[in-house]
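Be aware that the sequence shown starts at 4, since it is given in our numbering, and climbs by one per residue.
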Amino acid sequence: MEKIQETVDFINSKTNNFKPRFAVILGSGLGCFCDGLDGINIPYEIIPNFAQSTVEGHKGELFFTKIDNKDTVVMKGRFHYYEGYSMDEIIYPIRVFKELGVEYLFITNAAGATNKNYKIGDIMMLDDHINFLGTNPLIGKHDKKGDRFPSMDDIYCDELKNLALNCACDLNIDIIKGVYLAVSGPCYETKAEIKAYRTLGADAVGMSSVPEAIMANYLKMKIAAFSLITNYATGVSKHIPNHQEVLETGQKSGKKLADLIKRMIHKID
Ligand code: HPA
Numbered sequence: 004m005e006k007i008q009e010t011v012d013f014i015n016s017k018t019n020n021f022k023p024r025f026a027v028i029l030g031s032g033l034g035c036f037c038d039g040l041d042g043i044n045i046p047y048e049i050i051p052n053f054a055q056s057t058v059e060g061h062k063g064e065l066f067f068t069k070i071d072n073k074d075t076v077v078m079k080g081r082f083h084y085y086e087g088y089s090m091d092e093i094i095y096p097i098r099v100f101k102e103l104g105v106e107y108l109f110i111t112n113a114a115g116a117t118n119k120n121y122k123i124g125d126i127m128m129l130d131d132h133i134n135f136l137g138t139n140p141l142i143g144k145h146d147k148k149g150d151r152f153p154s155m156d157d158i159y160c161d162e163l164k165n166l167a168l169n170c171a172c173d174l175n176i177d178i179i180k181g182v183y184l185a186v187s188g189p190c191y192e193t194k195a196e197i198k199a200y201r202t203l204g205a206d207a208v209g210m211s212s213v214p215e216a217i218m219a220n221y222l223k224m225k226i227a228a229f230s231l232i233t234n235y236a237t238g239v240s241k242h243i244p245n246h247q248e249v250l251e252t253g254q255k256s257g258k259k260l261a262d263l264i265k266r267m268i269h270k271i272d
């Protein structure tokens, strides 16, 4: 708690006590969200107790901006389990956001489709997830900021799912609801793993988002999460997934996801 307060005090000193109600986590190649927005950038490397982004396509800055005059904090780059970070380090920004006053969390990621009906560039809204990380950020001493055994029944809340569908309609964007399965990475999956995940009910697979969602749900934030389908998962098509194509699809199709989230923030009172 002392560490979190130190981080919050540092951020407040740089932002003149900005009070964001909205937070957005940008996944691989989704940096276009910030195009045309003014604000204050703080590199992770100068924020006390923050980890560093090590992945290409993840900038490593907190960006404090206004969307429709509403204070919003944007994570340009997140921390992944495959980078060797602990669960505590990965979810640390979510704890800080809670203390800054964040109520709504928008999570984005790049994901590979296990569902053959999906197309590259599709936006999948997370209806639910399957945690295949083999760990959970809530393991450890209970800090009593939320329930010891939190319900996951409405983790991606219906209110925001309905809002997303309405906003997609306003913007003439197609979105699909699906199940995201989180793996640790950094290897892409084997063909047998993807077959198994499909059988388990996954529509897309990726290496992030679930730790942050579990922590934000514990802290009673409202969460909406979206996957940009950047490739077919191994064996779903003849094409073999690679990081460059993940980044390129993000850059090509990321704008419609950015517009959708901005529209949602616009519509929340
Ligand atoms: N597998 C896991 N993570 C991913 C993929 C994938 O195919 N594409 C983007 N992130």
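Yeah, the Cβ is synthetic: ideal placement off N, Cα and C, and Gly gets one too.
Task: Three-state secondary structure assigned by DSSP to Ala195 - done: The DSSP-derived three-state label of Ala195 is helix.
TODO: Compare the Cα-Cα distances from Lys198 to each of Asp146, Ser240, Glu248 and report the closest residue.
DONE: Ser240
TODO: Find out if the Cβ-Cβ distance for the pair Met78, Asp206 is shorter than 8 Å.
DONE: no
Task: For Lys69 and Gly42, the rounded distance between their alpha carbons - done: 7 Å
TODO: May I ask you to report which of helix, strand or coil DSSP gives Pro46?
DONE: strand
Open item on the list: Between the alpha carbons of Asp173 and Tyr235, how many angstroms are there, rounded?
Closed with: 28 Å
TODO: Give the straight-line distance between the Cα atoms of Asp161 and Leu33, rounded to the nearest whole angstrom.
DONE: 24 Å
TODO: Would you check if the distance between the CB atom of Lys223 and the CB atom of Gly149 is smaller than 8 Å?
DONE: yes
Task: Start and end residues, alpha helix (DSSP H) containing Ser16 - done: First-last of the alpha helix (DSSP H) with Ser16: 5 to 18.
Open item on the list: Does Gly115 come out as helix, strand or coil in the three-state DSSP assignment?
Closed with: strand
Open item on the list: Please report the straight-line C-alpha distance between Ala116 and Asn19, rounded to a whole angstrom.
Closed with: 42 Å
Task: Contact check, Gly209 vs Tyr191, beta carbons under 8 Å - done: no
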